[in-house]
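Enquirer: Protein sequence lines, in the order shown, are assigned to chains F and G.
The working numbering numbers the first residue of the first sequence as 2 and each following residue consecutively.
The working numbering numbers the first residue of the second sequence as 75 and each following residue consecutively.
Note that CB positions come from ideal geometry on N, CA and C, so glycine has one too.
Predicted model, so just to flag it, every value in this text is computed and none were measured.
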Amino acid sequence: MMSTARHSPLRSLAAHGILLGYTLIALFPVFVIVVNSFKNRRAIFADPLALPSAETFDLVGYKTVLAQGDFLQYFLNSMTVTVASLFFVLLFGAMAAFALSEYRFRGNLLMGLYLALGIMIPIRLGTVAILQLMVASGLVNTLTALILVYTAQGLPLAVFILSEFMRGVSADLKDAGRIDGLSEYRIFFRLVLPLVRPAMATVAVFTMIPIWNDLWFPLILAPSEATKTITLGSQVFIGQFVTNWNAVLAALGLAIVPVLVLYLIFSRQLIRGITAGAVK
Amino acid sequence: MGALTLTQVTKSFGRTDVIKGVDLHVDDGEFCVFVGPSGCGKSTLLRMIAGLEDVTSGDVAVDGTRINDLAPAKREIAMVFQSYALYPHLTVRDNMGLALKQAGVPKPQIAQATDRAGAMLALDALMERRPAELSGGQRQRVAIGRAIVRTPKLFLFDEPLSNLDAALRVQTRIEIAKLHRDLGATMIYVTHDQVEAMTLADKIVVLRAGRVEQVGRPMDLYNDPDNTFVAGFIGSPQMNFLKSGKLGLSSETLGIRPEHLSLDHGASMEPGRIPGRVSHVEKLGGETLVYVHTEDHGLLTVRLFGEQDYAVDEAVGMRLDPTRVFHFDAEGKRLR
Ligand SMILES: Nc1ncnc2c1ncn2[C@@H]1O[C@H](COP(=O)(O)OP(=O)(O)OP(=O)(O)O)[C@@H](O)[C@H]1O
Ligand SMILES: [Mg+2]
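1. Do you know offhand how far G/L257's Cα is from G/T188's?
2. By Cβ distance below 7 Å, which residues in the same chain neighbour F/R125 in space, the five residues on each side in sequence not counted?
3. With the cut-off set at 8 Å, would you say F/M135 and F/L222 are in Cβ contact?
4. For F/F39, does the three-state DSSP call read helix, strand or coil?
5. Specify, as a first and last residue, the run of the alpha helix (DSSP H) that G/G219 falls within.
6. What residue ranges within the segment 86-152 of chain G form continuous beta strand (DSSP E) runs of no fewer than 3 residues, ordered along the chain?
7. Can you grab the Cα-Cα spacing for the pair G/P345 / G/M392, in whole Å?
8. I need the straight-line Cα distance from G/T375 to G/P234, nearest angstrom please.
9. What are the boundary residues of the alpha helix (DSSP H) that F/K175 is part of?
10. Taking 7 Å as the line, does the beta carbon of G/G113 fall inside it for any heavy atom of ligand 1?
11. When you compare the CB positions of F/I180 and G/A191, do they come within less than 8 Å of one another, or not?
12. Does the beta carbon of G/I151 come closer than 8 Å to any beta carbon on chain F?
13. Count the C-beta pairs between the segment 176-184 of chain G and the segment 120-136 of chain G that are closer than 8 Å, then say yes if the count reaches three, no if not.
14. Whole angstroms is fine: what's the gap from G/V100's alpha carbon to G/A251's?
15. For G/R150, which residues in the same chain have their Cβ closer than 6 Å to its Cβ, ignoring the five residues on either side in sequence?
16. Which residues in the same chain have their Cβ closer than 6 Å to the Cβ of G/D338, if we skip the five residues on either side of it in sequence?
17. How far does the alpha helix (DSSP H) with F/L92 in it extend, from its first residue to its last?
18. Within 10 angstroms of its Cβ, does F/L265 collect 16 or more other Cβ (buried), or is it exposed?
19. CB G/A177 to CB F/G182, shorter than 8 Å?
20. What residues are listed by DSSP as bridge partners for G/F338?
21. Check the C-beta distance from G/V280 over to G/F307 and give it rounded, since I have them as a contact under 8 Å.
22. So, with DSSP's three-state summary, where would you put G/T327?
23. How about the segment 235-248 of chain F and the segment 81-98 of chain F: do they share at least three Cβ pairs that are nearer than 8 Å?
24. Below 8 Å, how does it come out for the segment 14-34 of chain F and the segment 185-203 of chain F: are there three or more Cβ pairs, yes or no?
25. Once you ignore the five residues that flank F/V197 on each side, which residues in its own chain have a CB closer than 7 Å to its CB?
26. I'd like to know whether the C-beta atoms of G/R377 and G/E361 end up nearer to each other than 8 Å.
27. Once the 5 residues before and after G/R140 are set aside, which same chain residues still bring their CB inside 6 Å of it?
28. If you measure from the beta carbon of F/A95 to each beta carbon in chain G, is any gap under 8 Å?
29. Distance check for G/L363 and F/K281, CA to CA, integer angstroms please.
30. For the alpha helix (DSSP H) containing G/P182, name the first residue and the last one.
31. For the segment 199-218 of chain F against the segment 149-163 of chain F, do three or more pairs of beta-carbon atoms, one drawn from each stretch, fall closer than 8 Å, so that the two count as touching?
32. Okay, do the segment 280-296 of chain G and the segment 240-254 of chain G touch, 3+ Cβ pairs below 8 Å being the bar?
33. Can you name the residues of chain F whose CB is closer than 7 Å to the CB of G/P146?
Right, dumping it as structure tokens:
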């Protein structure tokens, strides 16, 4: 409240200018994709920045994508993999973080470091071993394979961020729960989790986007028609010699929608997470 | 029902020994206050009684039954925390009733118990609110209500008033004293505050670095301390410590409380008069505190009744009341 009084209009104008500029730059590629997905092929190349007019308006991209048949299936696959991985990352990440932050046991610090190591070592280095593992366990070309890999990929960051936040949850509150006879599970689910919800949302967003966008593991572990994800599915329109740009743009345009929805769900919490501590 | 006995209780965190062998008995219905400097282990001791910290060695017993290995919820204790520790997602009523609900008490009985506690603490109008919608004082009353509802054998308080402002602190202190009279329950109370300790306690336990220095009624500790630590810790402003040698006495240290020094103007040198210079004066209306710098003993505090006129830098002299002095040896032990 004090700070608003100090701010000169000039300064807040400048701040807004910078932020607006950044927003424009960040949104520009999205804008180009969406605009061009509604134009015919010639118009895309003639003037990529023009808005679709009566002459150039064309839904051929969307028609191709939807006619491709399995596109809905790809969508569902992506959605299943993302949501399931997200669920497991948040559940196991939060549980591990709780154990690390709450209990004193031998090797606590080492365990924490071990779990955080994954942040620095890309999981793709282990692709060959992972593939062998999946072949051996008969999980190739299943969504389970992807969910397992993405859960492993997301856990290090989740554990790292959440254990930091959980250390901040009042110890007295947990102790009060213990004295009142709550089980450790109730303390975790009913007292601690609601208080770290903003952190959970932050982790959710940072975990979700790389999973949704990933091309590598679907291509290697689950390239079959039934298990293709949307990112992999869109690749059929990109050929070595000819690329169906209408279809690619339409597919990308459609692919944005679900992440956008998930993001909107988490964003309220996310903003609270980022500003946590700023406002007491 | 709720006599507490600690026998040779110790606690170590890894290699650091925090509690180094505490023996203590608190009678049923007694109000026992733990005091001591920051970091001496008051909270740790309280948490061991509550079962929130494991006991490294020794026994904790309530009514003669060893409870070392009992879960906190099974010990029939209630604890009030400095930070209130109310459940943010529950209403005042549910906050107070949670323990009973967990214990499987039927709903009508829970409602009755919470209503009674609510009435006792003047929380009736707030029963359906959430903690975020309450003031600090109201939150602390809810925390106390949560403790009452369980009708525990032992009440444990860890600096419950230190987050309240001065006026509210006095008011809540009186409420706690009244509560103790009404319930007749055993209470153990940790505090930094001299006044809380002196006014509430039946028995004060002075702790230092994980050991009990002295246990006794407030006035016993005030008038009959066992060593320099207790003498200096109980009483505010602090007791003055003088070098006995400079006064021609055989003990190592001589202690005298600020109210037992008399002060007069002037720089005359008489036997038994300790000369000095006023370095600071605090007028509190009802009393005046004069800080006097002396050659031999450093800074001494004199507490005078009413409003008194002493100027900074003025030459003054002090006299001891010989019936009120304490003698201590080189280790700080009292010589009787
Ligand atoms: N979980 C822990 N791990 C290691 N050391 C601890 C732990 N908890 C407390 N200690 C140490 O034990 C000592 C006693 O702590 P405790 O909280 O009991 O002090 P206190 O007397 O309550 O102090 P205060 O008056 O400041 O609340 C301190 O030196 C503290 O550093
Ligand atoms: Mg403490």
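Expert: Well, looking at it:
1. Distance between the alpha carbons of G/L257 and G/T188 is about 15 Å.
2. Closer than 7 Å at the Cβ level, and outside the excluded window around F/R125, lie W217.
3. The answer is yes: Cβ separation under 8 Å.
4. If DSSP states are grouped into helix, strand and coil, F/F39 belongs with coil.
5. G210 to V223 is the extent of the alpha helix (DSSP H) around G/G219.
6. For the segment 86-152 of chain G, the continuous beta strand (DSSP E) assignments of 3+ residues that do not extend past its boundaries occur at 90-100, 105-109 and 131-136, in sequence order.
7. Spanning the two alpha carbons is a distance of roughly 11 Å.
8. One C-alpha to the other measures close to 31 Å.
9. According to the DSSP assignment, F/K175 belongs to the alpha helix (DSSP H) that extends over A172 to I180.
10. Yes.
11. Not in contact: F/I180 and G/A191 (Cβ atoms no closer than 8 Å).
12. It does: the Cβ of G/I151 has a partner Cβ on chain F nearer than 8 Å.
13. Too few Cβ pairs lie closer than 8 Å, so no.
14. Taking the straight line joining both Cα atoms gives about 17 Å.
15. Checking the sequence shown, residue 150 of chain G turns out to be Glu, not Arg. Cβ neighbours of G/E150 beyond the five flanking positions: P226 and K227.
16. Taking C-beta separations shorter than 6 Å and ignoring five residues to either side along the sequence, the partners of G/D338 in its chain run G391, following chain order.
17. First-last of the alpha helix (DSSP H) with F/L92: F72 to E103.
18. F/L265 should be labelled exposed.
19. Yes. Within cutoff.
20. Strictly speaking, residue 338 of chain G in this sequence is Asp, with Phe absent from that position. Residue pairing from DSSP places G/D338 in a beta bridge opposite G/G391.
21. The Cβ separation is near 6 Å, so the contact holds.
22. Here G/T327 sits in strand by DSSP.
23. The segment 235-248 of chain F, when compared against the segment 81-98 of chain F, does not touch it at the 8 Å Cβ threshold.
24. These segments do not touch.
25. Excluding sequence neighbours, F/V197 sits near L163, F166, M167 and V170.
26. In terms of Cβ geometry, G/R377 and G/E361 form a close pair [threshold 8 Å].
27. Cβ neighbours of G/R140 beyond the five flanking positions: D133.
28. F/A95 does not count as touching chain G.
29. Unreliable placement is indicated for F/K281, whose pLDDT of 33 sits below 50; the coordinate value is still reported in the next sentence. In a straight line, the C-alpha of F/K281 is about 40 Å away from that of G/L363.
30. It spans K181 to M194 - the alpha helix (DSSP H) in which G/P182 sits, taken as one unbroken run.
31. Touching, yes.
32. In short, these stretches do not touch, since the Cβ pair count stays below three.
33. Per Cβ cutoff of 7 Å: R179 and I180.
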